[in-house]
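Numbering (the working numbering), first residue to last: 71 to 232.
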């Protein structure tokens, strides 16, 4: 089982000591204004993936019932991860694929295929434009998140990539 928490609500604008304000110590109001300026939704979402091949998208602060059940993987899910902007979720599976989902609705977006064995790990680039995946097939693959296509196949490991 795996899970990830959206970091949409937590915005970092520098070191902050709540007892002091000024340069390097923005007030709560400053942080909130930056958060609102860059489109923070105010709702934290969580996604969980399971050995039953499904994912659930949650808004735990509102309900103990999931927003939606996400299906499509054919084997257990190893890892789920929100993009840095929380707009997308990626899931890695033993079914040799990575799936991309809408981070707010859970709607399926695309499947990334290219690995020939189980996909263990995924990681987003800081700008949300790329996703990397590591697999039991000893490769790392770099994916374009605009076209959902393979940008780079990086072989070289002599064993599985965790």
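Glycine included, every Cβ here is placed at the ideal spot set by N, Cα and C. Being a predicted model, the structure only gives us computed values, none of them experimental.
Legend entry - residue 91 versus residue 195 - alpha carbon distance: Your numbering for residue 91 matches position 21 in the chain shown. Your numbering for residue 195 matches position 125 in the chain shown. The pLDDT assigned to residue 91 is 49, lower than 50, so where the model puts this residue is not dependable, and the model offers no usable value.
Legend entry - C-beta contact flag for residue 192 and residue 210 at 7 Å: By one-based count along the chain shown, residue 192 stands at place 122. By one-based count along the chain shown, residue 210 stands at place 140. Going by C-beta atoms, residue 192 is not nearer than 7 Å to residue 210.
Inset, instruction - Check whether the Cβ of residue 216 lies closer than 6 Å to any heavy atom of the ligand SAM, and answer yes or no. - result: Among the components modelled here there is no ligand, and therefore nothing to report on the ligand SAM.
Legend entry - residue 130 vs residue 116 beta-carbon contact at 7 Å: Residue mapping note: residue 130 aligns to position 60 of the chain shown, counting from 1. Residue mapping note: residue 116 aligns to position 46 of the chain shown, counting from 1. Closer than 7 Å, so yes.
Inset, instruction - Determine the burial state of residue 223: buried for a count of at least 16 other Cβ atoms within 10 Å of its Cβ, exposed for fewer. - result: Working through the chain shown from its first residue, we reach residue 223 at position 153. Label assigned to residue 223: exposed.
Inset, instruction - Quick one: grab the DSSP three-state call for residue 198. - result: Locating residue 198 in the chain shown gives position 128, where the first residue counts as 1. Residue state, collapsed to three classes: coil.
Legend entry - Spatial distance of residue 143 from residue 177 (CA atoms): As a position in the chain shown, residue 143 is number 73, starting the count at 1. As a position in the chain shown, residue 177 is number 107, starting the count at 1. If I take the Cα positions, the gap works out to 14 Å.
Legend entry - Beta-carbon spacing of residue 173, residue 157 below 7 Å: In the chain shown, residue 173 corresponds to position 103, counting from 1. In the chain shown, residue 157 corresponds to position 87, counting from 1. Yes, Cβ-Cβ distance for residue 173 and residue 157 is below 7 Å.
Inset, instruction - Could you tell me if residue 231 is buried or exposed, where buried requires 16 or more neighbouring beta carbons within 10 angstroms of its beta carbon? - result: Along the chain shown, read from residue 1 onward, the residue named residue 231 stands at position 161. Buried, by the Cβ-count rule.
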